[in-house]
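Asker:
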Amino acid sequence: MTKLFGALLLATLPLGAASSGAAASPDARLFEDTVRPVLEQRCYDCHSHRADKIKGGLALDSRRGWSLGGDHGPAVIPGEPDRSLLIRAIRRQDPDRQMPPEHALTPAEVAALETWVQRGAPDPREPATAPKSVSGTNLWWALQPLVQPAVPAGPGQPIDAFIAARLQAQGLTPTPTADRRTLARRIYFDLLGLPPTPEELDRFLKDSSPTAYEDLVQRLLDSPRHGERSARHWMDAVHFAETHGHDQDRVRENAWPYRDYLINSFNADKPYDRFVQEQVAGDALFPDDPQAAVALGLLAAGPWDESTLRDIREDTLDREIGRYIDRDDMVTTVMQTFTSTTVQCARCHDHKFDPISQSDYYALQAVFAGVGRGNRRYGPDGATQRQRTELTRRLAAVEQRDPAVLFAPAALKTVRDWESQQTTNLVWQVVRPDVFVSVAGATLTRQPDDSFLASGPQGSTDTYTFTATSTLERLTAVRLEVLADDSLPQHGPGREPNGNLHLSEFQLLAFPPGATNAQRLELTHPSADFNQSGWTIAHTLDGKDATAWGIYPQVGQAHEAVFELREGLKLPAGTRLTFVLRQLHGGHCIGRPRLSVTDAEPPARAEVKPAEIRQLLATPDSQRSQEQRVTLARYVLRQDLTAQLTALPPAALVYAGAGDFEPDGSHKPSPKPRPVHLLRRGEITKPEETAQPGALGCVSALPSRFTLADSQNEATRRVALARWLTERDNPLTWRSIVNRVWQQHFGRGLVDTPNDFGRMGGTPSHPELLDWLAVWFRDEAHGSLKQLHRLIVTSATYRRAATYAVSPGEPAKAGTTPLPENFRTASAVDADDRLLWRRAPIRLEAEEIRDAVLQMSGRLQLRMGGPSDRMFDLQPGIHVTPKVDYNKFALDSDAGSRRSVYRFLFRTLPDPFMDALDCPAGDQLTPVRNASVTVQQALALWNNAFIARQAEHLAARLAREETQLEGQVRRAFELTLCRPPAEPEQRDFVNYAREHGLANLARLLFNSNEFMFLN
Amino acid sequence: MNPPTPRSAPASVSPRREFLGRLGGGLGSVALAQLLGVDQVLGGDTAPAVGRPTGIPLAHHRPRVRRVIQLFMNGGASQMDLFDYKPELFRRAGEKFDPGAGQHVEAPTSEPGRILKPQFEFRQHGQCGRWVSNLLPHLATCVDDLAFFMAMASRTNVHGPASYLMNTGFLLPGFPSFGSWVSYALGRLTDNLPTFVVLPDTRGLPYNQRGNFSSGFLAVQHQGTVINMGGPTPIADLRPPDSARFITPAASRDGLALLQQFNRTHLGENPGDSRLDARIQAYELAARMQLSAPEVLDLQGETEATRNLYGLNAPVTEDFGRRCLLARRLVERGVRFVQVWSGAGGPTNNWDNHANIGKELPPMCAATDQPIAALLKDLQARGLLEDTLVLWNTEFGRMPFSQSGEGRDHNGGTFVGWMAGAGVRGGVAYGESDPWSWKAGHNVTTNYDFHATVLHLLGLDHGRLIFRHNGADRRLTDVHGEVVREVLA
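Each protein sequence line maps, in turn, to chains A and B.
The C-terminal residue of the first sequence carries number 1017 in our numbering, and the numbering is unbroken.
The C-terminal residue of the second sequence carries number 503 in our numbering, and the numbering is unbroken.
1. Comparing C-alpha positions only, which one of A:N757, A:A724, A:R720 sits nearest to R737 (chain A)?
2. For A303 (chain A) and R378 (chain A), I'd like the C-alpha separation in whole angstroms.
3. Can you tell me whether A658 (chain A) is helix, strand or coil according to DSSP?
4. Tell whether a beta-carbon distance below 9 Å holds between P178 (chain A) and A803 (chain A).
5. Hey, quick one: how far does the beta strand (DSSP E) through F565 (chain A) stretch, first residue to last?
6. Considering only the alpha carbon of each residue, which of A:F438, A:A456, A:L503, A:D487 lies closest to T471 (chain A)?
7. In this structure, how does DSSP classify S440 (chain A) when only helix, strand and coil are distinguished?
8. Between the region 384-391 of chain A and the region 708-726 of chain A, do at least 3 Cβ pairs fall closer than 8 Å?
9. Can you tell which of A:T518, A:L771, A:A833, A:P622 has the C-alpha that lies nearest to the C-alpha of L793 (chain A)?
10. Indicate whether the contact test is met: 3 or more Cβ pairs, each with one atom in the region 890-898 of chain A and one in the region 863-880 of chain A, closer than 8 Å.
11. Check H998 (chain A) in the structure and name its three-state DSSP category.
12. Looking only at its own chain, which residues have a Cβ that is under 6 Å from the Cβ of E664 (chain A), when we skip the five neighbours before and after it?
13. For T204 (chain B) and chain A, any beta-carbon pair shorter than 9 Å?
14. Report all residues from its chain with a CB closer than 8 Å to the CB of N1011 (chain A); omit the five preceding and five following residues, and keep chain order.
15. Kindly indicate which three-state DSSP category N377 (chain A) falls into: helix, strand or coil?
16. Once DSSP output is grouped into helix, strand and coil, what is the label at H228 (chain A)?
17. Give the interface partners of I161 (chain A) over in chain B, defined as CB-CB distance under 7 Å, in chain order.
18. When the Cα atoms are used, what is the spatial distance from L490 (chain A) to H561 (chain A)?
19. At the 9 Å Cβ level, is F825 (chain A) part of the contact set with chain C, yes or no?
20. By a C-beta neighbour count over all protein chains shown, 10 Å radius and 16 as the cutoff for buried, is E507 (chain A) buried or exposed?
21. On the three-state DSSP scale, how would you describe L17 (chain A)?
22. When burial is assigned at 16 or more other CB atoms within 10 Å of the CB, is H152 (chain B) buried or exposed?
23. Note down the Cα distance separating R186 (chain A) from Q293 (chain A), rounded to an integer number of angstroms.
24. D287 (chain B) touches chain A at which residues, Cβ-Cβ below 7 Å?
25. Taking all protein chains shown into account, do 16 or more other C-beta atoms lie within 10 angstroms of the C-beta of F468 (chain A), making it buried, or fewer, making it exposed?
26. Distance, Cα to Cα, G357 (chain B) vs V330 (chain B)?
27. Once DSSP output is grouped into helix, strand and coil, what is the label at V480 (chain A)?
28. Taking only beta-carbon positions, decide if I327 (chain A) is within less than 9 Å of chain B.
29. Given this structure, state the Cα-to-Cα distance separating T131 (chain A) from L311 (chain A), to the nearest angstrom.
30. Please work out which residues of its chain come closer than 6 Å, Cβ to Cβ, to T182 (chain B), disregarding the five sequence neighbours upstream and downstream, and give them in chain order.
31. Give every residue of the same chain whose Cβ lies closer than 8 Å to the Cβ of A947 (chain A), excluding the five residues on either side of it in the sequence, and list them in chain order.
32. List the residues of chain B that W236 (chain A) touches, going by C-beta distances under 7 Å, in chain order.
33. Within 9 Å of any Cβ in chain B, is that where the Cβ of G324 (chain A) sits?
34. Have a look at A:F355, A:C347, A:I358, A:M337 and flag the residue whose alpha-carbon is nearest the alpha-carbon of V369 (chain A).
35. What residues in the region 305-317 of chain A bring their beta carbon closer than 9 Å to a beta carbon of chain B?
36. CB H228 (chain A) to CB K788 (chain A), shorter than 9 Å?
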């Protein structure tokens, strides 16, 4: 066997090696000598991956390029020059396609290409964008296997040694260590996102222990505030927000548990590989951990196009395009976040710059082929969650007619037991109402069968009420029939043009004789002979006007629904019953309702059975066909499993991405992964082969296509990707995360494009340090992010001052700041501070500014977790998108005083104040925030109501804590700038406060550059 | 290279000015002007080359247009009821729609109905003989100045993605809007007002709300400033809130002086950081904007004749007319890009006429027709059309067959847009739809082509207006777009 395999390998080798020239075949020589030069010199400018734009979609730099061809189909048909578009074009045969457009090829060049095509167009070239070299020394830096470099000789810990080596090589002297005050403000903001309070600062300044700084770092890493800070960075990176972000910008009520998951994970210092695995496949890898299910919030973090994916017709091309775009968001989020690759650039063609093929891209789409976004149940504990998973699995198997589940012994018994209970024949008595009203003014006309036919104007919403005197002594259930009628659109039973109806709520009231108040009767066990997908009868009792029962597409026929009374009711003679049919969804009114009542004794279930099941029950088991047995088993088991699921301890909901989720209209889970095709040029109308789940071919240590035992179980695909991402030998993952953490402390990563380690991205400023950190983090810190933070912030490099010593001087005039000599020298070599000769100042982020202001004003509340704070007034909108008004928010309310990580994030209407400070809206992955300086930002800080109100609170606090103006000004400086005022400042600010009050003073300090920037 | 602005960049505030970083934190006035985005090229004769890697955003060639007013009809204006006259629809009204050749017919939200003929009369107008229905009598008098795109096509039939596509060039949220690209590329013409202003329908924001005028991954200074004519505070944060009584004019004046002095001292101690200087400048500019903005919003200074021209004297035209007039005042004072919206999001009060074209379309036309014609005439009379471009757009068109009898469903297959003003050849109609106005026929204009054409008029090569984001070179025109030269004067 081994021998045979070896022989096969050898036999195929010459083909693969042809292009290297050593063993070039005659065909290869023909190509290399006569064809390639012509193509390169005369065609590639427009028709290759080196072109700005591949004209007409035709690339001639690979076999695949010309065989797929461009807009007009294959360019070359091997052996048939006369039928090959390429040859026709260079011969200038067709008036509208003559190539090259300006200077025709020479007859010799034309002849060379003709000969080539005639001989079968042998093309030994590698695909243009296949790994240019996936092994060897030319391998792109990010793909090279991780090997920990030796630490250069030098002072301090390894980070400092790597940094010092480069500085020395460039002849740069680093700035001195920052003073303790500066350092404290820096480390508090960097690790917690908050400044130190004057008391915390004082404690550190007075701590004379040699490990005072290290101790402080440990305290901060242990603070729950640290998880909040880290979570916010992660939310940027994965574009988390809490509405859908399109024209139907619906609120995601259950997105926030993912935010809490992040905070808790960072605070618990969850190992990074586990953190990654949970967010890609936590449901399958850790089924007993409810939080691992919450982690799947990552896959659903981004925008979602509700109109396209839920509301338009399912059979449209727009819907199918929407699915590809939806998966693209998942692929992009996972791969950019965890591997810093731009795989999404290979959607329409092979990646132009990196060794990522279009096939790789669609392999990743296939990983998510069974994933949808929606509300998922989780918890409350591992056992329940496991049970729910099992029941859900069996329910899915029942839907898919899996005989192993349908005819399992236990299932057979369930069906038998159920059947033995179905003996009672209910007798329904039709109600004859004497009062019947349509609130919207539709005409209800009594029919001979005591149904009521609606006509006249259909209200945009309507409520029908029917009142009758009861003829029964006892009431146990009621029935609503909706009947067909030729006068209705599609023959009804609804009045909507498509024949559908939507019943939002069904209520039953009783008026015993002499009673003045109605008694609302509690209804239960609603059932219907048919439910429109997502519009089940249960919605009529859920108390929500927005949900309803519908019957589409089974129009043109009668349907019925039955409701049981929770407790049978004795009806004194003369009791009046009122039936209320609330139809509030918009149109969709019932065309011909009829009501009935019964006094049948419990426990007989009054449920409505479809006609088919009623017939089956009348047929003895021995006479049933196999198909009928399947039908009956599915019907019974579906009910039984659903009831068991309902009886489980209540689950919580998280908006997440996975194979199963609560259906929402026509957006529902797919029983198995949807087929994903490689789309030529990314176009839905040009599907090619079906994609197999996999990842990147360029990570050569790992298989690029997954071998799955059960590939139709979508979760196995995600599990495979999660494992691929967290393999020791995946160099991308480990480099990516250490770079992100580095960025958090220096404002810029060692690679300044954290989402792109490819050829279009930046290259590492200190490649050896990056690799050293990646290996250290993986092998020694075992993925502990807190250890990584500690290592970085305790380095001398991190502790450097922003500048060399500068003597405090006169106010600088704009534009004429003199630069100190040593600063000028260092800038001349490295103005961008890529070599880290100083710690460049960082502009505070929106959340840091807002949280710091709240802390300073004394209003900050540290309560953690739970639903997000809606810092706006929310009213129903004219359609799906609610109306949001940030001006109508009560600034002093509870929701306005928690940390900004708990703010509700509304995609299409972000908070204008935070927006002006560059807080991302959650539309795009934001691994690096902008830090702009703008006029709008100045206006926001100067005039926004939040700053004005907090200025008043700070003023009140100052007045409480200090009695004299001088003391109040000093305290204001300590609170906002972490330092006492210098003498001239003290004088000027006291004068200002004396004239305009402390609140105006606070407003100034909140607007100062010194507050806004972190040295 | 255009990486996102690092938080610690010593001298580059806006990514487009990243090259300044390599000048060693230069703090001269030119650098500051760059930081804050002042127009550096227009009016000069030079056309600086724009290198692909840096994408330094100055004009690529001599521009014909300095400012743009875009009128956006939210909801999908019905092309065959306004401009795209199709006798075939009258002839075959009530028949089943069958385009032949086995072509699949579908509608995004409904079952395709029978062919629905326009209920409006069409006549030819002007020297060019352009067909316009009787819903737009005022605009019909301007057709010789308009260049029509008769066969525009969208990639989608859904409002959200289609609105994003027409506004940002992508189907998804998070990409910079048209006005933001123009701001990013060309900077501002005035210190006193924002560069990109949006005037939404006073009844509400359009589909996608502010997503349509977001700066995406470009710096926030390029985002559209919303002026809400219907609200108590038309421009957010222009002045302190009424609730903050302690902020008196004197406290602000003295405070700003002390703040600037304080910031300058801080700058002296933190040399080599132009962001600190830029913030000082930003507060001075903000103070100027506080003074200029109220003046531009005050329409009382306009003559009675002008106010009546725009229809401010009639309830039906007052709202849109007011915003058209304001648009003129804004561009007159140096705003670069103004977007005026007709129609809010949601199912009604916009151009999304699913239920009954005959009832829903006429009021939208009545509200906008006179003001738009007035805007064109007023700009012309004041000489502003010499360097101003007016655009009329919508996110997609509507179907030739009915939805539920009287309405029309969305149709990305073909729709109409027009432009007028500087550099535009009036009276042209580019492209043609099929005989039913169902799909674009020949000379199709995509959103990419339309944007490329406008950018061209602004002196910009759409293929070279680039911003690197998350590893991809992003453009308003994605990887597509051809300038439609047939409409250029």
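All C-beta atoms, glycine included, are put in the ideal place defined by N, C-alpha and C.
Answerer: To lay it out plainly:
1. A:N757
2. 14 Å
3. strand
4. yes
5. 561-572
6. A:F438
7. strand
8. no
9. A:L771
10. yes
11. helix
12. G376, N377
13. no
14. none
15. strand
16. helix
17. What I161 (chain A) touches in chain B: nothing, since even the nearest Cβ is about 17 Å away.
18. 15 Å
19. Reference to chain C is not applicable here, since the protein chains of this structure are A and B.
20. buried
21. Note that L17 (chain A) scores 34 on pLDDT, short of 50, meaning its location in the model is unreliable; the coordinates nonetheless yield the value given after this. Correct three-state label for L17 (chain A): helix.
22. buried
23. The amino acid occupying residue 186 (chain A) in the given sequence is Ala; Arg does not appear at that position. If I take the Cα positions, the gap works out to 34 Å.
24. P843
25. buried
26. 13 Å
27. strand
28. yes
29. Reliability of the predicted coordinates at T131 (chain A) is poor, the pLDDT of 41 falling under 50, and the value obtained from them is presented with this limitation in mind. Their Cα atoms are separated by approximately 33 Å.
30. F189, S191
31. N889, L893
32. Near W236 (chain A) there are no residues of chain B at all, since even the closest Cβ is about 16 Å away, more than 7 Å.
33. yes
34. A:M337
35. P305, D307, E308, S309, T310, D313, I314, R315, D317
36. yes
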